[in-house]
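Shown next, in structure tokens, is the structure this report addresses.
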Amino acid sequence: MRSSGLPPESRRDELTSYVNQVHTARVEAMADAFGVSAMTIHRDLDVLAGEGRLERIRGGARAITARLAERDVRLRRHLNARTKQRLARTAAELIEPGAVIALDDSTTVGELGPHLESRRPSTVITHSLALMNTVSAQSSIALVGLGGQYYAETDSFLGSVVVEQAQRLTADAVFVSTTAVKNQALLHPDAEAALTKRALLKTGGRKILIVDSSKFEGSGLYHVMGLDEFDDIVIDDQLAPELLALLKSLNLNIHLAASSPKD
0 MRSSGLPPES RRDELTSYVN QVHTARVEAM ADAFGVSAMT IHRDLDVLAG EGRLERIRGG
60 ARAITARLAE RDVRLRRHLN ARTKQRLART AAELIEPGAV IALDDSTTVG ELGPHLESRR
120 PSTVITHSLA LMNTVSAQSS IALVGLGGQY YAETDSFLGS VVVEQAQRLT ADAVFVSTTA
180 VKNQALLHPD AEAALTKRAL LKTGGRKILI VDSSKFEGSG LYHVMGLDEF DDIVIDDQLA
240 PELLALLKSL NLNIHLAASS PKD
């Protein structure tokens, strides 16, 4: 891994992914891996720590834990960012022109935002404030925003009011992600988030799960929906063979987001 020719922002993205993979890394090891000076790594780590993407420790950095990141959308947006972008590019191909689509508040689904204008759905239903802002700037797409109690840590609206609104709507396709997949089901650590995702999924005929392979190592207290209730799953190509075989046994349409040479 040599990225000395990358712009600083791209190098920091790569550095974040590297530390997330190894969990803890020393400055010297990072400087060698990226082909830059230790001083450059120190500066990058200061920036990344200031953005909440990594935690500075003596002599290096360590990854922000998934448990902490689950509670803060600012951290979640940076976790596995490149993988989320690849997943979104693949998932965007499933958006039919003129369709009514529902999008949840996950940072993975949020990466669909830049693709909406080119895919041309007629309407977007969402409880994500970030996606509301994205769609509202596109005059060719109608926006149905689900409101209620706003939660800054998720940058979205959650709870019974959102659920009641979702129950009155119908979508052609629903795109969701989650924090964990276990025992052939979607799980989430937050009760209101799980309730809201479940209600959103019930609005759609075609249920599409976008999830990276690391989520199969997670856990959560609240059940969202069984995997066998989905029509499609979009996943990266790093999933263990036995888990891929399990997904195939459920008769899901599986869409693999291949790694790029830079990943």
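Under numbering that gives the first Met the number 0, the residue at position 252 of the sequence shown is numbered 251, and the numbers go up by one with no gaps.
Even for Gly, the Cβ is constructed at its ideal location relative to N, Cα and C.
Check                                                                                                           : Outcome
Proximity test, Gly97 beta-carbon vs the ligand MG heavy atom, cut-off 7 Å                                      : Judged by which ligands are present, the structure shown has none, so any question about the ligand MG falls away.
Beta-carbon spacing of Ile100, Phe174 below 8 Å                                                                 : yes
Other residues of its chain near Glu187: CB distance less than 6 Å, five sequence neighbours each side excluded : Before going on, a small fix: residue 187 reads as His here, not Glu. These residues qualify, in order along the chain: Thr177, Thr178, Ala193, Gly219, Tyr221 and Val223.
Enclosing beta strand (DSSP E) for Phe174 [first to last residue]                                               : Ala170 to Val175
Endpoints, alpha helix (DSSP H) assigned at Arg85                                                               : Ala80 to Ala91
Span of the beta strand (DSSP E) around Gly203                                                                  : Gly203 to Ile209
Close Cβ partners of Asp231 (< 6 Å) along its chain, the five nearest in sequence each way excluded             : Ile207 and Asn252
Length of the line joining the Cα atoms of Val108 and Arg57                                                     : 35 Å
8 Å Cβ cutoff met for Glu95 and Asp43                                                                           : no
Rounded Cβ spacing between Asp211 and Asp236 (contact assumed at less than 8 Å)                                 : The pair is not a contact, with the Cβ atoms about 10 Å apart (cut-off 8 Å).
For Val123 and Ala136, the rounded distance between their alpha carbons                                         : 12 Å
Helix, strand or coil at His22 according to DSSP, with G and I counted as helix                                 : coil
Assigned secondary structure, Ala151 (DSSP; H/G/I helix, E/B strand, else coil)                                 : coil
DSSP state of Ser127 mapped onto helix, strand, coil                                                            : strand
Euclidean distance between Cα positions of Ser159 and Val180                                                    : 24 Å
Arg66 - DSSP class collapsed to helix/strand/coil                                                               : Low confidence applies here, because Arg66 scores a pLDDT of 48, under 50, leaving its location unreliable and the question unanswered by this model.
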